[in-house]
Amino acid sequence: MQEIIQKKDKIKGPINLELTIASGQTSQAPWIKEEESYKQLITVKDEHCLVKISEDEDNLIINYQSLRKINKSDVKSKVNYIFNLDFDLNKLYEYLELDSKLSQTINFCEGLRLFLADDPWECIVSSIISANNSILRWTKSNTDIKEMFGNKHVFGDEIYYSFPDTSTIKGIPLVGECSRDLRACGLGYRDKYIIESAKIVDTWDLNHIFELDYNTAFNEISKLPGVGPKVADCTLLYGFNFARAFPSDVWIKRIINHLYFDEKSSLTTKKVRDFGISEFNDYAGYVQLYLFHYARCSGLLNRLKK
DNA sequence: CCTCAGGAGGCAC
DNA sequence: GTGCCTCCTGAG
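If you use the numbering used here, the first sequence corresponds to residues 24 to 329, in order.
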């Protein structure tokens, strides 16, 4: 087990691991909590690496191990990427303070950061599963896919499963042909979307998506079956770190409607997406994250249900 | 038993 | 382009 100590005062703004991991962002299933640390199998330069992250008052502590040799600096930059530690949260808070509707979110979201995907392909699948679904079922499906179809990795007495790649998933038979099918993971009719998407992504170089401008990337990713506007934006935000993406669902529509429009206005999720992108620009993704978490914690979400 | 929530796809207009 | 229905699962 190797160790990386990262001083919190070198990070721009606060970091709350618990909040970030457990806030229901659709990039990946939550990391596993073990006493005071969180652990997960991630990939570092194509090598599988078990990471355990914890914190004390002054430091983030990253412990890691892998079967083959990997560079400490590569582990550090991947973990920093996943927890968006290079992002300046203080600047975001200065921006949120300018709008009284947004400034109230800070109290509920102190240290909440984007929880970015270790693997963009995993994020595409988990975002497809999130559509028309609940967080509880979504989490279970993601975990089941890894355990049923992923590769097993043993570290001492601990067993982890990596997320199955496109060539594995595209070969999974549809329901009825085999008992070990995707529906056994509880994801319902989305099974064919995932298998068909795997066939398409298998012919893509996903790293290419990172290089595109946001609109082009949105059009590209929208070509996949099961990927509509909301899922495309989730994928671009959490899987490819496009800060402008503003995932717009019924919940964010209700919140935006309540805060920025007449209660009786006829907003659609599409209009809300356009509003979010043009209003919040490069902070759109964070504003969506903060508004949703604020609404859930403040009780606003429950009031908007009625 | 029934009803409901949640986005994408598909079809009608 | 907009409106409406179905897809599956688990919770109530």
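Don't be surprised by glycine CBs; every beta carbon is placed ideally from N, CA and C. All values derive from a computational prediction rather than experimental measurement.
Report yes if the C-beta distance between V67 and K101 is below 8 Å; otherwise report no. Numbered from its first residue, the first sequence carries residue 67 at position 44. Numbered from its first residue, the first sequence carries residue 101 at position 78. Closer than 8 Å, so yes.
Whole angstroms is fine: what's the gap from N264's alpha carbon to R326's? Residue numbering aside, residue 264 sits at position 241 when the first sequence is read from its first letter. Residue numbering aside, residue 326 sits at position 303 when the first sequence is read from its first letter. So the alpha carbons of these two residues sit roughly 32 Å apart.
Pull up the DSSP beta-bridge partners for N86, would you. Here residue 86 corresponds to residue number 63 of the first sequence, with the count starting at 1. DSSP, once it has assigned bridges, lists E26 and K75 as partnering N86.
Validate contact between the region 155 to 170 and the region 49 to 58 using beta carbons, cut 8 Å, 3 pairs: Between the region 155 to 170 and the region 49 to 58 there are three or more inter-stretch CB-CB distances shorter than 8 Å, so the stretches are counted as touching.
Rounding to the nearest angstrom, what Cα-Cα distance links D109 and K35 in this structure? Numbered from its first residue, the first sequence carries residue 109 at position 86. Numbered from its first residue, the first sequence carries residue 35 at position 12. Taking the straight line joining both Cα atoms gives about 7 Å.
Buried or exposed, going by whether 16 or more other CB atoms sit within 10 Å of the CB of L83? Counting from 1 along the first sequence, the entry for residue 83 is found at position 60. With 16 or more other Cβ atoms from the protein chains shown falling within 10 Å of its own Cβ, L83 counts as buried.
Go ahead and pull the three-state DSSP assignment for Q63. Along the first sequence, one-based indexing puts residue 63 at 40. The answer is strand: DSSP assigns Q63 an E or B state.
Can you tell me the Cα-Cα spacing of A154 and V254, whole angstroms? The residue you call residue 154 lines up with position 131 of the first sequence. The residue you call residue 254 lines up with position 231 of the first sequence. Whole-angstrom Cα-Cα distance: 7 Å.
Start and end of the beta strand (DSSP E) containing V177? Along the first sequence, one-based indexing puts residue 177 at 154. Segment K175 to F178, the beta strand (DSSP E) holding V177.
Give me the Cβ distance between V250 and I105, rounded to the nearest whole Å; I'm assuming they're in contact under 8 Å. Locating residue 250 in the first sequence gives position 227, where the first residue counts as 1. Locating residue 105 in the first sequence gives position 82, where the first residue counts as 1. That belief does not hold up - the Cβ atoms of V250 and I105 are roughly 22 Å apart, past 8 Å.
With 16 other Cβ atoms within 10 Å as the buried cut-off, status of E145: Taking the first residue of the first sequence as 1, we reach residue 145 at position 122. Buried, by the Cβ-count rule.
Same chain, Cβ closer than 7 Å to L314, neighbours up to 5 away in sequence not counted: Within the first sequence, residue 314 is the residue found at index 291, counting from 1. Within the same chain, L314 has close Cβ partners T128, I275 and I278.
Is S185 near G194, with beta carbons less than 8 Å apart? Position 162 of the first sequence holds residue 185. Position 171 of the first sequence holds residue 194. Judged by their CB atoms, S185 and G194 are not nearer to each other than the 8 Å cut-off.
Is there contact here, the region 300 to 314 with the region 117 to 127, by at least three beta-carbon pairs under 8 Å? Yes, they touch.
Applying the criterion that 16 or more other CB atoms from any shown protein chain within 10 Å of the CB defines a buried residue, is K293 buried or exposed? Position 270 of the first sequence, counting from 1, holds the residue named residue 293. That one is exposed.
Determine the DSSP secondary structure at E58, reduced to helix, strand or coil. Indexing the first sequence from 1 puts residue 58 at position 35. Secondary structure of E58 (DSSP, three-state): coil.
Count the other C-beta atoms from every protein chain shown that fall within 10 angstroms of the C-beta of H316, then say buried if there are 16 or more, exposed otherwise. If you number the first sequence from 1, residue 316 lands on position 293. Residue environment analysis places H316 among the buried positions, since at least 16 neighbouring C-beta atoms fall within 10 angstroms of its C-beta.
Contact between the region 54 to 62 and the region 72 to 90 is defined here as three or more beta-carbon pairs at a separation below 8 Å; is this criterion met? As far as the Cβ criterion goes, the region 54 to 62 touches the region 72 to 90, which means the pair count is three or higher.
On the premise that Y261 lies in contact with L137, defined as a C-beta separation below 8 Å, what is that separation, rounded to the nearest angstrom? Here the question's residue 137 lines up with position 114 in the first sequence. Here the question's residue 261 lines up with position 238 in the first sequence. The beta carbons of L137 and Y261 sit about 7 Å from each other, so the pair counts as a contact at 8 Å.
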